[in-house]
Amino acid sequence: MRMKDHFLKEGPLGSVGGANPSGWMKETHFVEYVKQFVRHTRASVDRPVVLLLDKDDSHLSVGGLTYCKNNGVTVLSFPHCSHKLQCGSLEKNT
24 MRMKDHFLKE
34 GPLGSVGGAN
44 PSGWMKETHF
54 VEYVKQFVRH
64 TRASVDRPVV
74 LLLDKDDSHL
84 SVGGLTYCKN
94 NGVTVLSFPH
104 CSHKLQCGSL
114 EKNT
């Protein structure tokens, strides 16, 4: 998958996007996402926030989790469930 400008059309000011040819997030993308999350939530040690994630391997980035800890972001992880939560990934059960 390639990032297309129209993915962010009419999105909130300051929105950024990224894509990976495999369609799955990589560790480097997670770190960039976390940095953007901290900017937009204005998270800090004095103003902590919670980030809810599914348990995908890309979320196990030491750099990303360290950045979260240092910036007041508590990460709660659920079992890997993207395939159940994303509308595009739903399959019809028969």
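FYI, the numbering for the sequence shown is 24 to 117, going by this note's numbering. Yeah, the Cβ is synthetic: ideal placement off N, Cα and C, and Gly gets one too.
query: Can you tell me which residues form a DSSP beta bridge with Ser100?; result: Leu76
query: Go to His29, then tell me how far its alpha helix (DSSP H) extends in each direction, as first and last residue.; result: From DSSP, His29 is part of no alpha helix (DSSP H); its letter is neither H nor E.
query: Does the Cβ-Cβ distance between Gly40 and His52 come in under 7 Å?; result: no
query: With contact counted as at least three CB pairs below 8 Å, one residue from each stretch, are the region 92-100 and the region 63-74 in contact?; result: yes
query: Taking 7 Å as the threshold (C-beta atoms), are Gly86 and Val54 in contact?; result: yes
query: If I follow the unbroken alpha helix (DSSP H) through Leu36, where does it start and stop?; result: Looking at the DSSP string, Leu36 is not in any alpha helix (DSSP H), and its letter there is neither H nor E.
query: In this structure, does DSSP put Val68 in helix, strand or coil?; result: coil
query: Mind reading off the beta-carbon distance from Ser100 to Leu76? Whole number of angstroms is fine, and I expect it under 8 Å.; result: 5 Å
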